[in-house]
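Below is one structure, written out as C-alpha cells; the observations come after it.
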Amino acid sequence: MSTLTRPVVPAPGARPGRTPRRIRPGKNDGSGLREKKSLPMTAIMVVFLVYSFAPLFYLIVNSTKSQDDLLSTFGLWFGNGFDLFANIRDVFTYNGGIFLQWFGNTLLYVVVGAGGATFLATIAGYGLAKFRFVGRRAVFAVVLGSIAIPGTALAVPTFLLFSKLGLTNTPWAIILPSLISPFGMYLVWTYAVDAIPTELLEAARMDGASELRIFFTIAVKLLTPGIVTVLLFSVVAVWNNYFLPLIMLSDPRLYPLTVGLNQWSQQAQGVAAHPIYNLVVTGALITIIPIVVVFLLLQRYWQSGLGAGGVKE
Amino acid sequence: MHKRLRTIVAAAVTTVAVTAALAGCSSGSTSSSGGGNADAVTAALKKGGSLTYWSWTPSGAAQVKAFEKAYPKVKVKLVNAGTGNDEYTKLQNAIKAGSGAPDVAQIEYYAMPQFALAGSLSDLSQYGFDSLKSKYTSGTWGSVDLDGKLYGLPQDSGPMAMFYNKTVFDKYGLSVPKTWDEYLADAKKLHAANPDAYLTSDTGDAGFTTSMIWQAGGTPFKTDGTKVTVNLQDAGSKKWADTWSTLVENKLLAPTPGFTDDWYKQLANGDIATQITGAWFPGVIESGAKAGSGDWRVAPIPTYDGTTAVTAENGGGAQAVLKQSKNQALAAGFVKWLNSSTESVDTFLASGGFPSTTSTLKSSDFLATKPDYFGQQDINTVLAGASDSVKSGWSYLPFQVYANSIYADTVGQSYQNNGDLNAGLKAWQAAIVKYGNQQGFTVTSK
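Line by line, the protein sequences are chains G and C. Here the UniProt record's numbering is used: the first residue of the first sequence is 1, the next is one more, and so on. Here the UniProt record's numbering is used: the first residue of the second sequence is 1, the next is one more, and so on.
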C-alpha cells in the first residue's frame, strides 16, 4: 500500500545498498526484471482503487448534508447545503454529549487494551524467541491454536466467566480480553528470531548487563518495527471491536464508538423511529480520523521493518 | 451470528424442561392467591427501592421521570441496552449467567414466548394483573397471556393497515385496492408506468412474513409445552406465499431494505407507493420522510375475499418483569403504572406510539387526530378499526428470535432468486424443525 505512494524516496532507515532506484519504464534496469505496462492490471487496480475509496468518498460527501438533504439528494454528490460543522456540533451535543463519552471510552480501551497487548506480546514473544526453557513447544502449540479460534466464538463463554467474576458491564470486560493477542505475540516471536542476533545478547551479558536492561535497551530498539506492527494491529482491532462490547456492556455510557454509533443507527427503526443518519455518518467520519492518523504516523516504522530479514547479507 | 444465537438459545432452552416441571407443582397456587398478592405491589411501591429498566422506547425517559415523581421513593435506572435482537442477546446472556438482568425489560411480542416459556419471566397474574385484561385489545393481550400465565403488560400494538401515497396513486390512476388481486394489479400498473417506482418494498423480512401469514389465516406454529408443530404450508401460509410470489417473481418489489436511508428517501419521493405495516408506521414516516408530508393516506389492509375486514399484528411489544429481579413486586408495580396509567400512556402516544389500551383507542381525542402529514385524514379511526379486526389464534415459536435470524438464509433466498416463496418457506420449516429438535423440543413437521 504505502510503497505505491512513495516509490522514489528511500525509506527512513534503509541501508544505502538497498535504496530503491528509479526504474525507467520499459527499459531493462539491470536486475533482469522488466517493468511492463499492463492495461488489464491497471484497469483492475483502478477498480480496486474506486472500490476502496468509494465508501470514504460517500462518508465525506454525506457528512456535509443535513438529515433531510441526506434523504432527498443524490448519495454520491454534495447536497443543497453545507452542514458539516452543524453536523459535527450535533454529533458532540446530541443526547447530552454521549458521543464524547464514547470517544473517551474507545480511547481508554485502545490505550490500555492495545498498549497492554503490545507490551505483553513483546515480552512474551522475545522471551520465547531468545530463551530456552521447558514447555516452549507446548506454548507454541497453544499460541498457534488460539490464533485459529475467532474471538466471536469465545465471546459468550468469556461473558459467562466474567459474569461470575462480576466484571460484566465494566470497562475491564473490554480491556482484559483485548490484552491477549496471540497473533501479536507470534509476530514478535518470529520477528525476534531474526532481528536480534543472539551473539549481541551474549556480548551484553558478558559485559554484565541485566536481562531487563538488555531487553529495554537492546531488544526493544531492534524490535521496534515488529512492535509497531503489533501495535497497529492491536489498535485497529480494539478500535473496531464490536461484538465483545455489544455482549459485555449494557450501559450506553460504557460503549465504545462502534456500538454507540450502531445504537444511533438503530434509532431509525421501530415505534416512533427517529432517524439521525446525518449524525451516524458524521460520527463515523470522526471515528475513522484517529485511526487514519495513527496509520500515517506509524507507517514509516512499519514499512522499513517489512523488508528486514528478507535479504541475506 | 448463528453460532452465537444457537449458544444463547440453547441456554434458554435447557431450562425449559426444569421450569416445566416446576410449573407443574406451583401453578395451582399462583392463580388462586393472586388477589392477596396485589397488596404486595402496593406495599412495595410505598416502601420504595430501586429498579433497572431496559428499553429502547423513545418515551422511556419521560415516562420514568413521571413515575419517579408519582412514587418518589422508587428510583428507576433507564438503560437502552440495544434495540430488539441486541437486547435479547444480552438478556439471554444475563439469564444464563444468573445475574446482570434488569428488573423490567421491553420485549417484543414475537420474542415473548422465548423468554416466557423458558421460565425467565415473572407471572404477573400472581399480583392479580389478569384483572386488567379488559383494558387491552385482544390481539395484544393474547401476546402476553401464554399458557394461562401473564408474562407482561402490553405497551404498543401494530394492527396492520395499508399506508399509501395518494399523490402517486392519483398520478398513475391507481385505485385504492380492496383485495390482494387488486393490489397485484396496481403493482404491475405502477411499475410499468414508471420503472423507478414500486408499489411496495420487501426484501424479505421475517416479521412481515409471519404477520402476512397471520392475516391470511395461517397458524404455522403451534406449541404445547415442549411439543411444537410447524406447518408453513398450511392453507393460510400457502395463500400468502402464492399471492406475494407474484410480486417477487415479477420483480415488482423495490429492492430496498426497510429503515435504511434509501428506504426513507423512496418513501418521501414516491418511488415506494405503499407500505403494508403496523399502525405505528405514522410515527416512523413522519419523522423519517418529512418531504412526503401531505401525500400519504391510510386505508384498511387488502383482504383475500374483499368483504370481511381481517388483519394481523405487526411489531409491538410489552414490558415484563424478570424472575432474576430481587424486587419483583416493585417491578410489577412499575410495569402496571407504565402500561396502564393514563399519564404514562399519554406520554407514549405523544412520542408517536400506537396504543394497546382500548380506552385510548375509543377516546374521541385520539380518534379525532388529523395529522397534516396524512392530509388531515382521521387516520386513527382507520387504525383503531384495524385493531378490532385482528385475527385471533396466532402464536409464535418458542424460539422465534432464532427462527427469524435464519429467515434470510431460507426464505430470503427465494427473494434473491425471484423464485417461488413456497420453496423458501419449506426450507425455513426444515431449518426450524432441525434446530428445535436439537434444542430439546419435540418438533413435528406437518
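Heads up, the beta-carbon is just placed ideally off N, CA and C, and yes, glycines get one too. Bear in mind that the values here come from a model prediction, so they are computed numbers and not experimental data.
- Listed along the chain, the chain C residues whose CB falls inside 8 Å of the CB of D68/G are K290 and A291.
- Under the Cβ criterion of 9 Å, F159/G is counted among the residues facing chain C.
- Judged by pairs of C-beta atoms under 8 Å, the segment 68-77 of chain G does not touch the segment 194-207 of chain G, as fewer than three such pairs exist.
- Beta-bridge pairing by DSSP links V111/G to no other residue.
- Listed as beta-bridge partners of I276/C by DSSP are M162/C.
- With 16 or more other Cβ atoms from the protein chains shown falling within 10 Å of its own Cβ, L91/C counts as buried.
- Spanning the alpha carbons of T260/C and W214/C requires a straight line of approximately 26 Å.
- Put simply, the CB of T200/C is far from chain G, with every gap to its CB atoms at 9 Å or more.
- In the same chain as P355/C, and ignoring 5 residues on each side of it, the C-beta atoms closer than 8 Å to its own belong to D156, S157, V345, F348, L349, L361 and F366, in chain order.
- Taking 9 Å as the cut-off, the Cβ atoms of S387/C and T137/C count as close.
- Taking 4 residues as the shortest admissible run, the segment 174-254 of chain C contains the following complete alpha helix (DSSP H) segments, listed from N- to C-terminal end: 180-193, 206-215 and 235-249.
- Our two residues, V188/G and K75/C, have alpha carbons roughly 51 Å apart in a direct line.
- Listed in chain order, the positions of the segment 175-203 of chain G with a beta carbon within less than 7 Å of a beta carbon of chain C would be empty, since no residue qualifies.
- Residue burial annotation: P72/C is exposed, with fewer than 16 other C-beta atoms found within 10 angstroms of its C-beta.
- CA-to-CA, the gap between T246/C and Q377/C works out to about 31 Å.
- The beta carbons of Y264/C and W180/C sit about 26 Å from each other, so the pair does not count as a contact at 8 Å.
- Y51/G: member of the alpha helix (DSSP H) spanning L39 to N62, first to last residue.
- At a C-beta separation below 7 Å, K96/C has these neighbours in chain G: L160.
- In chain order, L246 and I247 make up the part of chain G whose C-beta sits under 8 Å from the C-beta of T89/C.
- Residue pairing from DSSP places W54/C in a beta bridge opposite V79/C and A105/C.
- For Y264/C, the chain G residues whose C-beta falls within less than 7 Å of its own C-beta are L71 and P275, listed in chain order.
- Only residues of its own chain outside the window of five on either side were considered, and among them T224, P225 and V228 have a CB closer than 7 Å to the CB of Y301/G, listed in chain order.
- Its chain contains I123 and Y126 as the residues whose beta carbon lies nearer than 8 Å to that of F215/G, once the 5 sequence neighbours on both sides are disregarded; these appear in chain order.
- Excluding residues up to 5 positions away in sequence, A431 lie with their Cβ nearer than 6 Å to the Cβ of I406/C in the same chain.
- Between the segment 146-155 of chain C and the segment 120-138 of chain C, the count of Cβ pairs shorter than 8 Å is three or higher; the stretches touch.
- Proximity to A279/C across R297/C, A206/C, G270/C and D205/C peaks at R297/C, based on C-alpha coordinates.
- Using a C-beta cut-off of 8 Å, the segment 325-343 of chain C makes no contact with the segment 243-256 of chain G, since fewer than three inter-stretch Cβ pairs fall below that distance.
- Chain C has a Cβ within less than 9 Å of the Cβ of P252/G.
- By the CB criterion at 9 Å, G116/G and S178/G fall inside the cutoff.
- The beta-carbon of A81/C is placed less than 9 Å from the nearest beta-carbon of chain G.
- In the three-state reduction of the DSSP assignment, A320/C falls in the strand class.
- Between the segment 282-299 of chain C and the segment 255-273 of chain G, the count of Cβ pairs shorter than 8 Å is three or higher; the stretches touch.
- Here DSSP, grouped into helix, strand and coil, assigns S341/C to coil.
- Here the alpha carbon of S359/C sits roughly 24 Å from the alpha carbon of K65/C.
- Chain-order list of chain C residues neighbouring Q299/G: empty, with the shortest C-beta distance near 33 Å, by a criterion of under 7 Å.
- Secondary structure note for W296/C: its beta strand (DSSP E) is the uninterrupted segment W296 to P300.
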